[in-house]
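Q: With positions in the sequence shown counted from 1, the corresponding number in the numbering used here is that position plus 110. Built from N, CA and C at the ideal position, the CB exists for glycine as well. Below is a structure I'd like to ask you about.
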Amino acid sequence: MNTKNTLKVKLSLFFAVAFSLLILFLSLINQSKLEVINLKINDKIYHTLSYLLMIFLWLIYFKYKNKSIQNKLKFLIASLILTFGIIIEVMQLVLTNYRSFDLLDILANALGIMCGLILFLPIEKYFINKNI
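Here it is in structure tokens:
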């Protein structure tokens, strides 16, 4: 593996892990104590977009690492990310008294994952296969 590809693999892994940890952190903190700009957007949109971006980052990492991603691996990645979201929802229920389990959050996460898989296909063919 040349230096350029090694750097791509390491950077893509860093961003995938960092973003996953950011989602975990933001999902478990007490947001009422934060000074957050209230954008009046349904939180399900945040869930959908967050999980869309998360699967993108993980797919990019595995694409750079393995040169190609079989559909089995894509399904495994999607399943693990969905499981990650379900575990976070359970943690909100069990570990906090300021967050709650929400099945609609899990559905929004799943929608983001599916959209991410669908949108990744043309991006994979155009950008990543051209070594961009």
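Assuming Q141 is part of the alpha helix (DSSP H), what are its boundary residues?
A: Taking the first residue of the sequence shown as 1, we reach residue 141 at position 31. Run containing Q141: none; DSSP gives neither H nor E here.
Q: Leaving aside the five residues before and after I198 along the sequence, list all residues of the same chain whose C-beta is less than 6 Å from its C-beta, in chain order.
A: Translated into positions along the sequence shown, residue 198 becomes position 88. Hits under 6 Å: S137.
Q: To the nearest angstrom, how far is it from the Cα of M201 to the Cα of A218?
A: The residue labelled residue 201 in the question sits at position 91 within the sequence shown. The residue labelled residue 218 in the question sits at position 108 within the sequence shown. Each residue's Cα considered, the two are about 17 Å apart.
Q: Going by the CB atoms, is the gap between Y171 and I223 shorter than 8 Å?
A: Reading the sequence shown from its first residue, position 113 is the one you call residue 223. Reading the sequence shown from its first residue, position 61 is the one you call residue 171. In this structure, Y171 does not lie closer than 8 Å to I223 by Cβ.
Q: When the distance is taken between beta carbons, is M164 closer than 8 Å to I133?
A: Counted from its first residue, the sequence shown places residue 133 at position 23. Counted from its first residue, the sequence shown places residue 164 at position 54. For I133 and M164, yes; Cβs fall inside 8 Å.
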